[in-house]
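Some notes on the structure that comes next.
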Amino acid sequence: MLARLGQRVLAGIAVVFGVVILTFLLLHAAPGDPVRLLLGPNATDAQIAAQRDALGLNRPLAAQFATWVGRFGRGDWGTSIAKGQQVRQLLADAWPATVRLVGLSLILSYLLGIVLGAVQAARSGSRTDTVISVLSVTLFAMPGYWLGLMLVLVFTYWARWLPAFGAAGFDADYLSGRAWLVDRLRHLALPLATLTLIGIGGVARFVRGSMLEVLHQPFITSARAKGLTERRVIGHHALRNALTPVVTLLGLSLPALFSGAVFIEAVFAWPGVGRILVEAVQARDYPVVMAATAVSALLVVAGNILADLLAGWVDPRLRGARSA
Amino acid sequence: MTRLLRDRRGAFGFLVLVVVLVCALGAPIVTNGRPNEQRDIVATRFLPPLSTDANGAFHPLGTDRFGRDVWTRLVYGARVSLLVGVVAVLVSVALGVMVGAVAGYWRGPVSVLLLGLTDFALALPRVVLLLLLAALWQPSTVLVIVVLGLTGWMSIARLVHGEVRSLAARPFAEGAIALGARRLRVLARHIIPNALTPVIVAAALGIGNTIMLEAGLSYLGLGVQPPTPSWGNMMASGRDTLVNAPWVAVAPGLALVLVVVACTLLGDALRDVLDPSAGR
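Sequence lines, in order, name chains A and B. When the letters of the first sequence are read in order and numbered with the working numbering, they come out as residues 1 to 324. When the letters of the second sequence are read in order and numbered with the working numbering, they come out as residues 325 to 604.
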């Protein structure tokens, strides 16, 4: 178990490292010069050269990369070229917001998706099954940013119930206790609903398929033959066994969920890693892009390993046995 | 084919895609043919759906903030979205089949290397990569196709790898070798054609997904650039006028959902028809 975990962690580190190298190469291969963007169109060649020198952009790529890795490892993530802020501070402020949004929506969409999928499988072929199927395929097909816009249209513009952007109101600093919590929750509502809704479809589809497979197995027949209630057969015997692939899916869907969060954060101006990444990419803000990519890759890899451990916990047969 | 159409999902998906395709191909006939046409902006902007402007032109889906006909832009946008979706998926299928087949047929270091590469690419956060690629180079339709194609081949490679490995051990493949066929020929003529069934299904599902990603990139301003209409940049421009003219954002979104649903249902139906043993 521990050896396997060690292996996974090593592989994860390799992936993160690969992402970082790839990002580094892409950034430097791409047209567009951050120094020119920084100094504006009126900068003289001498000024540009001086600034380039000051930022260390004149040195060989390998040397720049080695320096970056060394500094990153020591916790010195550099200064944002566009904003002048410490990159580390920028990301330290941002990642809890992303984890909060992604984590909550992960829990909600899996809970709801599993319930919907189980109900469908239990009543396979019925009208309920068809209705939920249509619903889940539609949700599955919905782009998050568009669903977000529609929710904003309905709940912000028409009903005027919920705020459309940010994680807290302008007066958040003066609120305390209940008012503070309500303010936070109201801001969380729309992005969380969007991300959860688009997640449900995929989960429900998957759970339905996995449940149907399990329901055809002999031990289900024998459970029914023992005289167990249908509720117990479905809830205890079928669902438990159908959940193993679902947990694996959880790990696999993390990158997708994180990707979805990038768009959702952009739509709702949610102050997370995704928004910082989008802004930094558009401004060619090298240090921020590098660090934000590394952090998002880390989050995804960590999530994958966590899901792997979870799968072993749900299904003891998988502990240590799985090699691929 | 008949079995596919007898499946309700298959029939629906097929019908929707045919209608969209016909509209897209016949764009100059079913619309006014000028997606970027602006007349008197003040008089014709933000007309609600089903209205007729002062020039007597009818706007079934209304007009946007520049007075352009939303229906016309929607149909011309379908051309872009479908083109990007189909071509990008073809690129990923070609790459995926190549990598998967080689890795599945030739064991040893080549296979290990290719599979390692696939797993690595699969673990990369795709959208982060898309953002980087699209933002760092000049955004264009071709770039979007290349980027989406290059980041979508991994699951196909995995599928093909598994199929090829099991097919290569079958008697017919060994028989072909025994008859003196070269290995490359056996792979290309005997094994790959037999491994394509799951690839077709994955491609059908992938087209929907790719269209969605294209729209996402265009929505962020990193994909197809205005004034060329694409569903993504139409939604983005609709975002700014959500209060005055919600139809500008609603129409392309609904079209997108419809097409992606159609692709998904068609893919599901295809899987059941092509591979009855898989069950549901």
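Just so it is clear, CB atoms sit at the ideal spot from N, CA and C, and this is done for glycine as well.
Report task. Return the first residue and the last residue of the alpha helix (DSSP H) that glycine 386(B) is part of. Result -> According to the DSSP assignment, glycine 386(B) belongs to no alpha helix (DSSP H), since it is labelled neither H nor E.
Query raised in the report: Apart from the five residues just before and just after alanine 348(B), which ones in its own chain have a Cβ nearer than 7 Å to its Cβ?
Result: Only Val399, Ala402, Arg403, Leu406 meet the Cβ criterion.
Query raised in the report: What three-state label does DSSP hand serine 375(B) in the structure shown?
Result: Residue state, collapsed to three classes: strand.
Query raised in the report: Quick one: is leucine 90(A) near chain B, going by C-beta distance under 8 Å?
Result: So no, leucine 90(A) is outside the interface.
Report task. Would you kindly work out how many angstroms separate the C-alpha atoms of alanine 324(A) and histidine 514(B), rounded to a whole number? Result -> Caution applies to alanine 324(A), whose pLDDT of 37 falls short of 50 and renders its modelled position unreliable; the model cannot decide the point.
**Report entry** Bridge partners - aspartate 596(B), DSSP secondary structure assignment
**Finding:** Note: aspartate 596(B) sits in no beta bridge, so no partner.
Report task. Closer than 7 Å, Cβ to Cβ, to anything on chain A: give me those residues from the segment 364-377 of chain B, in chain order. Result -> Under the 7 Å Cβ criterion, the segment 364-377 of chain B contributes no residue.
Report task. Tell me where the alpha helix (DSSP H) around histidine 187(A) begins and ends. Result -> Element bounds for histidine 187(A): 177-215.
Requested in this report: Along the alpha helix (DSSP H) that carries glycine 344(A), what are the first and last residues, could you check?
Outcome: Because chain A in this structure spans residues 1 to 324, residue 344(A) falls outside the shown range and cannot be described.
Requested in this report: For glutamine 549(B), name the three-state secondary structure that DSSP assigns.
Outcome: The three-state secondary structure of glutamine 549(B), taken from DSSP, is coil.
Query raised in the report: Counting only beta-carbon atoms, is proline 570(B) nearer than 8 Å to chain A?
Result: Taking 8 Å as the threshold, the shortest C-beta distance from proline 570(B) to chain A falls below it.
Query raised in the report: Can you round the beta-carbon distance between tryptophan 146(A) and glycine 577(B) to whole angstroms, since I take them to be within the 8 Å contact cut?
Result: The Cβ separation is near 4 Å, so the contact holds.
Query raised in the report: Just checking my contact of valine 262(A) with valine 278(A) at CB under 8 Å: how many whole Å lie between their CB atoms?
Result: About 7 Å separates the two Cβ atoms, so the contact holds.
**Report entry** Given 8 Å, three or more beta-carbon pairs between the segment 537-548 of chain B and the segment 94-105 of chain A
**Finding:** Contact between the segment 537-548 of chain B and the segment 94-105 of chain A is absent, because fewer than three Cβ pairs lie under 8 Å.
Query raised in the report: Got a sec? Which residues, its chain only, sit under 6 Å from glycine 603(B) by beta carbon, not counting five neighbours each side?
Result: Below a pLDDT of 50, predicted positions are generally treated as unreliable, and glycine 603(B), at 44, falls in that range; the measurement from the model is reported next regardless. Contacts found: none.
Query raised in the report: For valine 19(A), which residues from the same chain have a beta carbon less than 8 Å from its beta carbon, with the 5 sequence-adjacent residues on both sides left out?
Result: Within its own chain, the residues whose Cβ lies closer than 8 Å to the Cβ of valine 19(A), once the five positions on either side in sequence are excluded, are Thr293, Ala294, Ala297, listed in chain order.
Query raised in the report: Mind checking if leucine 448(B) is an interface residue toward chain A, Cβ cutoff 8 Å exclusive?
Result: Taking Cβ atoms only, chain A reaches closer than 8 Å to leucine 448(B), which makes this a yes.
**Report entry** isoleucine 480(B) versus alanine 526(B): straight-line alpha-carbon distance, rounded
**Finding:** In this model, isoleucine 480(B) and alanine 526(B) are separated by some 7 Å (Cα to Cα).
Query raised in the report: Mind pulling the chain A residues with CB within less than 7 Å of arginine 563(B)?
Result: Per Cβ cutoff of 7 Å: Leu149.
Query raised in the report: What are the boundary residues of the alpha helix (DSSP H) that leucine 61(A) is part of?
Result: From DSSP, the alpha helix (DSSP H) with leucine 61(A) extends over 61-73.
Requested in this report: Pull up the DSSP beta-bridge partners for threonine 368(B), would you.
Outcome: Listed as beta-bridge partners of threonine 368(B) by DSSP are no residues whatsoever.
Query raised in the report: Between which two residues does the alpha helix (DSSP H) harbouring threonine 98(A) extend?
Result: For threonine 98(A), the enclosing alpha helix (DSSP H) covers residues 87-122.
Query raised in the report: For threonine 79(A), which residues from the same chain have a beta carbon less than 8 Å from its beta carbon, with the 5 sequence-adjacent residues on both sides left out?
Result: Excluding residues within five positions, the ones whose Cβ falls inside 8 Å are Gln85, Gln86, Val87, Pro287.
Report task. Would you tell me roughly how many angstroms separate the C-alpha atoms of alanine 141(A) and glycine 532(B), rounded to the nearest one? Result -> Roughly 8 Å between the two C-alpha positions.
Query raised in the report: Do we get a CB-CB distance below 8 Å when we pair leucine 112(A) with the residues of chain B?
Result: Not one chain B Cβ lies under 8 Å of leucine 112(A).
Query raised in the report: Of all the CB atoms in chain A, is at least one closer than 8 Å to the CB of glycine 540(B)?
Result: The beta carbon of glycine 540(B) falls within 8 Å of a beta carbon belonging to chain A, placing the residue at that interface.
Requested in this report: Could you run through the segment 120-149 of chain A and flag, in chain order, every residue whose CB is less than 7 Å away from some CB of chain B?
Outcome: If the cut-off is 7 Å between Cβ atoms, the segment 120-149 of chain A has Val137, Thr138, Phe140, Ala141, Met142, Pro143, Tyr145, Trp146, Leu149 near chain B.
Query - Euclidean distance between Cα positions of valine 247(A) and leucine 111(A) - result: Rounded to whole angstroms, the gap between the alpha carbons of valine 247(A) and leucine 111(A) is 12 Å.
Query - Identity of the residues DSSP links to aspartate 393(B) by a beta bridge - result: DSSP lists Thr387(B) as partners of aspartate 393(B).
**Report entry** Alpha-carbon to alpha-carbon, valine 413(B) and valine 484(B)
**Finding:** For valine 484(B) and valine 413(B), the distance between alpha carbons rounds to 15 Å.
**Report entry** Alpha-carbon to alpha-carbon, valine 16(A) and asparagine 304(A)
**Finding:** One alpha carbon belongs to asparagine 304(A), the other to valine 16(A), and they sit about 12 Å apart.
Report task. Would you kindly check if the distance between the Cβ of isoleucine 48(A) and the Cβ of arginine 358(A) is under 8 Å? Result -> Since the displayed chain A opens at 1 and closes at 324, residue 358(A) lies outside it and no answer follows.
Requested in this report: Starting from glycine 6(A), follow the alpha helix (DSSP H) in both directions and report where the run begins and ends.
Outcome: Run containing glycine 6(A): 2-29, per the alpha helix (DSSP H) assignment.
Query raised in the report: Can you list the residues of chain B that leucine 153(A) reaches, using a CB-CB cut of under 9 Å?
Result: In chain order: Leu566, Val567, Pro570, Ala573, Val574.
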